[in-house]
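Engineer:
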Amino acid sequence: MTATNLQQHPLLPWLALQQTHGIGPVRAIQLYRKLGSQWYQPEQLEQCHLSQAQRLQLVTAHFELLDPILAWQEGAANRHVLPWDHADYPAQLKAIPAAPLLLFVEGDVHKLTQDQIAVVGSRHPSYVGKENTRNLIPELVRAGAIITSGLAIGVDGLSHKAALDAGGTSFAVLGSGLDRCYPKRHQQLARALIDSGGALLSECYPWLGPLAHHFPRRNRIISGLSLGVLVVEAAERSGSLITARYANEQGREVFAIPGAWQNPLAQGCNLLIQKGAKLVMQANDILEELTAFSVAAVKIMPSTQAELLPYPELLDNVGLEVTALDLIASRCQQPVQEVLTQLVELELAGWVETVPGGYVRARRD
Numbered sequence: 001m002t003a004t005n006l007q008q009h010p011l012l013p014w015l016a017l018q019q020t021h022g023i024g025p026v027r028a029i030q031l032y033r034k035l036g037s038q039w040y041q042p043e044q045l046e047q048c049h050l051s052q053a054q055r056l057q058l059v060t061a062h063f064e065l066l067d068p069i070l071a072w073q074e075g076a077a078n079r080h081v082l083p084w085d086h087a088d089y090p091a092q093l094k095a096i097p098a099a100p101l102l103l104f105v106e107g108d109v110h111k112l113t114q115d116q117i118a119v120v121g122s123r124h125p126s127y128v129g130k131e132n133t134r135n136l137i138p139e140l141v142r143a144g145a146i147i148t149s150g151l152a153i154g155v156d157g158l159s160h161k162a163a164l165d166a167g168g169t170s171f172a173v174l175g176s177g178l179d180r181c182y183p184k185r186h187q188q189l190a191r192a193l194i195d196s197g198g199a200l201l202s203e204c205y206p207w208l209g210p211l212a213h214h215f216p217r218r219n220r221i222i223s224g225l226s227l228g229v230l231v232v233e234a235a236e237r238s239g240s241l242i243t244a245r246y247a248n249e250q251g252r253e254v255f256a257i258p259g260a261w262q263n264p265l266a267q268g269c270n271l272l273i274q275k276g277a278k279l280v281m282q283a284n285d286i287l288e289e290l291t292a293f294s295v296a297a298v299k300i301m302p303s304t305q306a307e308l309l310p311y312p313e314l315l316d317n318v319g320l321e322v323t324a325l326d327l328i329a330s331r332c333q334q335p336v337q338e339v340l341t342q343l344v345e346l347e348l349a350g351w352v353e354t355v356p357g358g359y360v361r362a363r364r365d
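Residues 1 to 365 in full-length UniProt numbering are what the sequence shown spells out, letter by letter.
1) Can you find at least 3 beta carbon pairs, one from the region 198-216 and one from the region 163-181, that sit closer than 8 Å?
2) Hey, out of Thr243, Pro138, Leu174 and Arg245, whose CA is closest to histidine 214's CA?
3) What does the alpha-carbon distance come out to for the pair leucine 103 and tyrosine 359?
4) Isoleucine 273 CB to nearest chain C CB: under 8 Å?
5) Going by alpha carbons, who is nearest to alanine 256 out of Arg79, Thr133, Gln116 and Trp84?
6) Identify, in the order they occur along the chain, each residue of the same chain with its Cβ nearer than 8 Å to the Cβ of aspartate 285, setting aside the five sequence neighbours on each side.
7) In whole angstroms, what separates the C-alpha of asparagine 263 from that of aspartate 108?
8) Please go through the region 145-211 and give each complete beta strand (DSSP E) segment of 3 or more residues, from N-terminal end onward.
9) Would the beta-carbon of valine 229 fall within 8 Å of that of proline 125?
10) Which ranges would you report for the beta strand (DSSP E) in the region 91-150 if only whole runs of at least 3 residues count?
11) Taking just the CA atoms, how far does asparagine 219 sit from residue 366?
12) Whole angstroms are fine: how far does the CA of glutamine 342 sit from the CA of leucine 158?
13) Note down, one range per segment and in chain order, each alpha helix (DSSP H) of at least 4 residues found wholly within the region 230-266.
14) Note down, in chain order, each residue of its chain lying with its Cβ closer than 6 Å to the Cβ of threonine 20, except the 5 sequence neighbours on either side.
15) Which whole-angstrom value is the C-beta distance of leucine 31 and isoleucine 23, which I expect to be below 8 Å?
16) Under three-state DSSP, which class holds histidine 80?
17) Return the first residue and the last residue of the beta strand (DSSP E) that glycine 358 is part of.
18) Distance check for alanine 266 and glutamate 236, CA to CA, integer angstroms please.
19) So, isoleucine 117 versus alanine 91, is the Cβ gap smaller than 8 Å?
20) Does glutamate 289 come out as helix, strand or coil in the three-state DSSP assignment?
21) According to DSSP, simplified to helix, strand and coil, what is lysine 34?
22) Would you mind sorting proline 97 into buried or exposed? The rule is 16 or more other CB atoms within 10 Å of its CB.
23) Ignore the nearest five residues each way along the sequence and tell me which others in tryptophan 14's own chain have a CB closer than 6 Å to its CB.
24) Beta carbon of proline 138, beta carbon of alanine 99: below 8 Å?
25) Which ranges would you report for the alpha helix (DSSP H) in the UniProt domain "DprA winged helix" (311-358) if only whole runs of at least 4 residues count?
26) Taking C-alpha atoms, which residue in Pro335, Ser226 and Gly276 lies nearest to residue 380?
27) Using 10 angstroms around the beta-carbon of glutamate 64, count the other beta-carbons present and answer buried if the total reaches 16, otherwise exposed.
28) Assign glycine 224 to one of three DSSP states: helix, strand, or coil.
29) Comparing C-alpha positions only, which one of Leu320, Ala71 and Val339 sits nearest to valine 355?
30) For the putative contact between glycine 268 and alanine 234, defined by C-beta atoms under 8 Å, what is the C-beta separation to the nearest angstrom?
31) Is the beta carbon of valine 318 closer than 8 Å to that of glycine 357?
Right, here's the structure in full:
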């Protein structure tokens with residue numbers, strides 16, 4: 001490819017700006033608006049208050065990147081490279097400060113404009129966190145939301161799977177290049193997202209592996225694409241809270257599911273609620289804050305107590321949080337063996353479930 005052709009390719013200004021040290025996304029977009037098609041002309045660059053090293057990088061540091069990027073794009077029919085000024089670049093993301101200069105997409109690029117809700121949480125969720133994810137996502141999908149998350153193990157992966165199981169669409173924003181899907185155990189899930197009409201997205205070049213500093217940057221894209229961010233379960237220091245902070249800065253809604261203050265995985269969510277995030281107990285708590293969705297489309301079945309509760313005092317001491325057998329017995333002030341016998345009966349009747357560490361109240365649809 002000749003130098004003339006290189007200068008004419010629409011990706012080159014963005015590659016040049018992205019590869020130049022000391023120029024962040026905000027400054028890069030300002031420079032692009034000022035320079036336009038004359039971005040590589042020395043006389044134009046001299047007027048932009050750039051150092052000599054930066055001017056040199058702008059015209060030399062990007063040439064070796066274009067060919068492998070184009071080769072990746074041509075490797076499959078559903079691969080796209082969207083610079084900031086591309087017609088298919090999602091407007092919701094484009095509106096945030098420091099929007100990615102380049103967005104690599106594999107999947108249905110046209111759905112990027114549809115309304116999304118981000119769902120994030122712990123990589124090691126509790127039983128309650130898993131159940132909350134599985135219960136809430138289908139209701140959001142039925143209301144018309146695309147579920148966006150980060151493909152990580154834990155709540156992210158559960159969110160994607162729950163969206164697909166409900167017949168919905170899901171987007172995954174990666175902290176690696178799209179040719180280096182991370183984590184590897186979710187490669188099959190990533191393919192399922194694409195096959196079901198969703199997409200994988202990243203600002204990383206396709207061949208880049210996962211690096212620690214990619215993930216906080218990835219989080220701003222997750223929140224930036226979405227109308228709101230739901231934090232299912234998070235410790236006081238976690239990547240999910242970084243996503244929530246970005247959401248606040250971007251003017252997005254933040255939602256959090258509360259938990260027992262003794263539970264370390266609930267501390268982050270409880271802290272968010274203290275700071276103004278909306279407390280979530282059901283899908284309508286999210287949807288009523290987002291005008292893009294119709295609450296009427298969500299069917300929340302009212303709870304019924306048609307059946308007589310067996311051992312009501314015992315059931316009162318088994319909730320959605322995992323409770324140890326000896327603690328249940330202590331609360332009921334009954335012998336452990338007697339409580340165990342009653343729990344077995346309750347489990348056979350579908351009222352409780354055995355989980356690692358004790359018992360939880362079972363779902364009764």
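Ideal Cβ positions, reconstructed from N, Cα and C, are used throughout, including at glycine.
All values derive from a computational prediction rather than experimental measurement.
Structural biologist: Answer, in terms of the structure:
1) yes
2) Leu174
3) 45 Å
4) Structure shown: chain C not included; a single protein chain is present.
5) Thr133
6) Phe255, Lys278 and Leu279
7) 39 Å
8) 146-149, 170-173 and 199-202
9) no
10) 102-107, 116-120 and 146-149
11) Residue coverage of the chain in this structure runs from 1 to 365, which leaves residue 366 outside it and unanswerable.
12) 32 Å
13) 239-249
14) Gln54, Gln57 and Leu58
15) 7 Å
16) strand
17) 358-361
18) 8 Å
19) no
20) coil
21) helix
22) exposed
23) Pro83, Leu101 and Leu102
24) no
25) 312-315, 325-332 and 336-348
26) Any answer about residue 380 is impossible in this case: the structure gives the chain only from 1 up to 365.
27) exposed
28) helix
29) Leu320
30) 3 Å
31) no
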